[in-house]
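Going left to right, the sequence shown walks through residues -27 to -1, 1 to 394 as mature numbering (1 follows the signal peptide of the UniProt record, and there is no 0) numbers them.
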Amino acid sequence: MQRRSLIKAFTLSASIVAMGLSWSIQAAETIKVGVLHSLSGTMAISETSLKDMALMTIDEINAKGGVLGKQLEAVVVDPASNWPLFAERGRQLLTQDKVAVTFGCWTSVSRKSVLPVYEELNGLLFYPVQYEGEEMSPNVFYTGAAPNQQAIPAVEYLLSEDGGAAKRFFLLGTDYVYPRTTNKILRAFLHSKGVQDKDIEEVYTPFGHSDYQTIVANIKKFSAGGKTAVVSTVNGDSNVPFYKELANQGIEATDVPVVAFSVGEEELRGIDTKPLVGHLAAWNYFQSVENPVNEKFVADWKAYAKAKKLPNADTVVTNDPMEATYVGIHMWAQAVEKAGTTDVDKVRAAMAGQEFAAPSGFTLKMDEKNHHLHKPVMIGEVQDDGQFSVVWETDGPVRAQPWSPYIEGNDKKSDTPVKSN
């Protein structure tokens, strides 16, 4: 009797061990990747589609056999437009979920919240949104634009005859590091072009701001002093009331053009764009660009949205940060294949010089030194269907200048990443 019990106990424990082994083998058969985007709060309007694009790209890679013969497994967390929560969720992804890489963040304040955690734990973050520069971390790859790949060319265009030959500039932004630093760079750039401080107005509003009546009235007053352009670094769902107020007060692009750095197809989806026709946005990709890679990219996204029953799947659009997300994930996968491992230090080295034929119609390259993509610059005009018509673009990709030459002392800074702490 005792012997039979022992055999049963041994069989049971052997089964448990086998189950444990199968679980650990199963876990090891996937490579976990983190997706760190706000799915609620003021930034959800912009970031939710980046989460969905990341999942589509992961599915696309998995359908072709995955990476190093393993399937990618997405770990999605919601930092809820709460900047300290980004750091907590980032730490969770690295220490609990053991992700090999993270794709995420939109605002610079969220990225700067996450950065010390990723440098401390040697994590890898791919950041897909245009930003103010003035940063270069060994733990981040920046697939969005630096100021010389968006802000500077856009303002240069506004100064030109083709862009309306603006003489006065109303700089309107959300009150955080990206708009303030970008506008510091733009003010210095405008000074270099002979524009005086009396012809530059700078105004900031908090995240989630919704009453733009007074600000738009002030734009009208300011524009009475000469040909004026508005440069908008307003972020998140505040863009909807801002553009509605422009229409309410009859500000048209022919009188006072607005060029936006954080408004694309996604932010214009669901609002009446007819009064906004002719206003501008500067990016490195628009859904409307015509080439075979983009046609497939847009078609795949629309099919994915319907298959996954995403909200308003019939009207989904692509935009610049979505393209940057797509490019970043594919480049990371290529670098892992080249390195033969997901080890952060080896993948970092393998990322240098990676190239990818992007939906923008250009082959983009990750710079060998500065962790930024070489990107084309495009300026698009809002159309009545919420899409953009490209009115100006560079001949080819432009190398990023993370350290702007318009900020004193930057010429002495290193062109290779160093930890911020």
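All residues carry an ideal CB built from backbone N, CA and C; glycine is no exception. Bear in mind the structure is a predicted one, so any value in this text is a computation, not a measurement.
Determine which residues share a DSSP beta bridge with residue i and list them.
i	result
F142	I173, A202
E268	In the DSSP output, where bridge partners are listed per residue, E268 has none listed.
W365	I352
F329	L337
K194	Bridge partners of K194: none, in fact.
H347	K338
V40	K43
Please state whether DSSP places residue i in a helix, a strand or coil.
i	result
W256	strand
A47	strand
H10	coil
A233	strand
G167	coil
I302	helix
V189	helix
V317	helix
K5	strand
T30	helix
V371	strand
V150	helix
V391	coil
T288	helix
T178	strand
V250	coil
V262	coil
V309	helix
V213	helix
N383	helix
T155	helix
G63	helix
Check each candidate in the options and name the one with the smallest Cα separation from residue i.
i	options	result
S110	L131, Y91, P230	Y91
Q374	V8, Q103, G14, L98	Q103
T178	D148, A118, H164	D148
W256	N55, L28, E366, F195	E366
G77	L94, Y115, K71	Y115
L249	I224, V87, Q65	I224
E46	A36, P57, N55	A36
I244	V355, A278, H182	V355
residue 398	H10, N112, V48	Examination of residue 398 is not possible in this model, given that the chain is present from -27 through 394 alone.
F143	V203, K193, Q123, L58	V203
N95	R84, L67, S19	L67
S211	G14, M324, H10, V350	G14
K247	P101, T314, W376, D357	D357
V391	E108, H182, Q69	E108
A220	K200, K193, G199	K193
A53	S19, G38, I34, T30	S19
A27	F270, I352, A323, R242	F270
L145	G117, F180, E134, P126	F180
N338	Q307, Q186, F361	The amino acid at residue 338 is misidentified as Asn; the sequence shows Lys. For the residues Q307, Q186, F361, the minimum Cα distance to K338 belongs to Q307.
N55	A254, H10, D228	H10
N343	E263, E310, A325, G42	A325
F335	A322, A323, P349, Q327	P349
R84	A60, V72, G301	A60
T291	N191, G359, H164, N121	G359
K311	Q327, V300, G199	Q327
Taking the alpha-carbon positions, what's the residue i to residue j distance?
i	j	result
A233	S261	17 angstroms
G63	I4	17 angstroms
Y130	V74	37 angstroms
H347	T154	21 angstroms
I188	S205	12 angstroms
M16	P284	17 angstroms
N208	E174	18 angstroms
T21	W305	21 angstroms
E2	L97	20 angstroms
W(-5)	H345	Confidence at W(-5) is low in this model, with a pLDDT of 40, below 50, so the placement of that residue should be treated as unreliable; the coordinate-derived value is given next. So the alpha carbons of these two residues sit roughly 38 angstroms apart.
L12	A138	40 angstroms
G136	V320	42 angstroms
E105	S81	8 angstroms
V50	L58	10 angstroms
A124	L159	7 angstroms
D70	A278	27 angstroms
I380	A119	14 angstroms
S183	P265	40 angstroms
Q169	G353	27 angstroms
V289	D384	43 angstroms
S377	F329	26 angstroms
G251	T227	7 angstroms
A331	V150	29 angstroms
V231	V363	15 angstroms
Chain B beta carbons: is any one of them nearer than 8 angstroms to that of residue i?
i	result
A276	The chain labelled as chain B is not found in the depicted structure, where only one protein chain is given.
- Message: Restricting to runs no shorter than 3 residues, where is the beta strand (DSSP E) found entirely within the region 70 to 136?
- Response: Counting only unbroken stretches of 3 or more residues, the beta strand (DSSP E) elements lying wholly within the region 70 to 136 are 74 to 77, 98 to 100, 113 to 115, in sequence order.
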